[in-house]
Structures are given as C-alpha cells and as structure tokens.
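Residue numbers (my numbering): 15 to 208. Don't be surprised by glycine CBs; every beta carbon is placed ideally from N, CA and C. The structure appears below as structure tokens.
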Amino acid sequence: MKTSRLEAFSDGVLAIIITIMVLELKGPEEYTWSALLEILPVFVSYMVSFIYVGCYWNHHHHLFQLLERVNGKTLWANLHFLFWLSLIPVATSWVGESHESAIPMAFYGMVLLMSSVAFLWLNRVSIEHNHCPSSGLGLSHVVDYLGKKALLSMTIYVIGIVAAFHYWPISVIAYFIVVFMWLIPSRKIEEKLA
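This is the structure in structure tokens:
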C-alpha cells in the first residue's frame, strides 16, 4: 500500500491532539500579572507538549518521504505510536495543573518515553519493508540516527521519571533537554530531502 493514506490519517490525528491541548487552555480569571503567573505552568506544559508533537510530526513526515510503501506491520506500529501521542493532552493537562506532584510529572515522562519507544519501533518496522535508492539517502541512516537519539532520549526520560519522586525540577529539566535535542534535525537528512 502507498503511504498517502497512513500519512493523511496520522496528520489528522496529530491535528486533533494539538486542538485538544489548546482547548484545555483557559485564560486567567483576573486581569492581573499575578493571575497570569498562576497559569504559567499550564501554558509552559502546553508549549513543551506542542513542540514535542511538532517534532514528531516533522520526523514522521521525513520518514514517510523516504518510504515507498507500507504494510500491515507498519500500520500497526503507526497506530501504536499515535496511541501514545494521543495521551499527551491528558498528561499535559494533568502536569500543568499539578506540576509539583510526583505522579503527574512521572506520568508525563512515561507518556513521552513510550511515544519515543513507539516511534523508534515504527522506524525499525518501516526499514524492514522499504529500500529507497531514489532518495539518495539510505533509510538505514535515518533509522540509525534516530535510534541513537531515541536511546539517549529514553535514558533522559527514565531519569526524569525517577526524579519526579524525589525532586521534580530535575524532571522538568530532563524533559526540556529532550525537546531541545529533537528540535535540531539531522543536517544530512534535511539536505537530502530538500
């Protein structure tokens, strides 16, 4: 099967995820700076989650630009990935409302960790059924690059999850580190896909 249906479905799910997150945002009830500061954790959690979803959309787009076809295994791996991403609005809302609590902070990290695991699996499954000589970039290079970055990300997520039960600011720092890591795309991939 061609990739277009899977891409359209995934784009739709990601758009819905972002829509749900933004609908959770509420403005302050008072017109003061202190009221605005009270909702700052909610806004920051939305912003970070928005960037995470955007990074995944970008990398998903790059992956499927390289693929010629998908099979049932790829479809299920993609659904598994989208399942974990669909929990981001729940985790975002919860951590935004109670960011100093261990369970919401750890849950947020767990959702991010499992999204990373699922995306790595999607990449691995995709390479099994595709070779793209016309792209000028080996799909295996993409998977190797993303795999190394994903393993580092997963390690940092685990640190963040454990830290949530001891000193929550370390969790926040860990999750910020990973989001900034994924904001920087591979130059080699970008150049070849341009």
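Let's test the definition: count the other Cβ atoms within 10 Å of the Cβ of His74 and tell me whether it reaches 16, buried, or not, exposed.
Result: buried.
Under 6 Å Cβ to Cβ from Ser112, same chain only, skipping five residues before and after it: list those, please.
Within the same chain, Ser112 has close Cβ partners Pro118.
Take every Cβ of the segment 47 to 65, pair it with every Cβ of the segment 85 to 99, and state whether three or more of those distances are shorter than 8 Å.
Verdict: no, contact absent.
Between which residues of its own chain and Trp211 is the CB-CB distance below 7 Å, once the five residues before and five after are set aside?
The chain is shown from 15 up to 208; residue 211 falls before or after that span and cannot be answered.
Say whether the segment 33 to 41 touches the segment 94 to 108, bearing in mind that this needs 3 or more beta-carbon pairs closer than 8 Å, one atom from each stretch.
At 8 Å Cβ cutoff, the stretches touch.
Taking Phe179 as the reference, give the member of Ala120, Trp196 and Ala91 with the closest Cα.
With distances taken between Cα atoms, Phe179 lies closest to Ala120.
In terms of residue numbering, what span does the alpha helix (DSSP H) encompassing Gly41 cover?
No alpha helix (DSSP H) holds Gly41; DSSP gives it neither H nor E.
Taking the C-alpha atoms as reference points, what is the distance between Val58 and Asp25?
One C-alpha to the other measures close to 24 Å.
For Trp196, does the count of other Cβ atoms within 10 angstroms reach 16, so buried, or fall short, so exposed?
Buried: at least 16 other Cβ atoms inside 10 Å.
Does the beta-carbon of Tyr189 have 16 or more other beta-carbons within 10 angstroms, so that it is buried, or is it exposed?
Buried, since its Cβ has 16 or more Cβ neighbours within 10 Å.
Start and end of the alpha helix (DSSP H) containing Glu142?
Start and end: Ala116 to Glu142.
Closer than 6 Å by C-beta to Leu160: which residues in its own chain qualify, once you throw out the five before and the five after it? Chain order, please.
Once the five neighbours on either side are set aside, the close Cβ partners of Leu160 are Asn137.
Would Asn144 and Leu93 be called neighbours here (beta carbons separated by less than 8 Å)?
Not in contact: Asn144 and Leu93 (Cβ atoms no closer than 8 Å).
When we look at the beta-carbon of Ala91 and count the other beta-carbons within 10 Å, is it buried (16 or more) or exposed?
Buried, since its Cβ has 16 or more Cβ neighbours within 10 Å.
Cβ atoms of Tyr181 and Val110: under 8 Å apart, would you say?
It should be pointed out that residue 110 corresponds to Gly in this sequence rather than to Val. Not closer than 8 Å, so no.
Within 10 angstroms of the Cβ of Gly123, are there 16 or more other Cβ atoms? Answer buried if so, exposed if not.
Counting Cβ neighbours within 10 Å, Gly123 comes out buried, since at least 16 surround it.
Near Lys163, what residues of its chain come up, given a Cβ to Cβ distance below 8 Å and the 5 sequence neighbours on each side ignored?
Excluding positions up to five away in sequence, the list reads Met195 and Trp196.
Suppose the cutoff is 6 Å on Cβ atoms and the five residues either side in sequence are ignored; what does the same chain contact list for Val56 look like?
Hits under 6 Å: Gly110.
Please work out which residues of its chain come closer than 6 Å, Cβ to Cβ, to Trp71, disregarding the five sequence neighbours upstream and downstream, and give them in chain order.
Here the set comprises Leu28.
Kindly indicate which three-state DSSP category Ser112 falls into: helix, strand or coil?
Three-state result, Ser112: coil.
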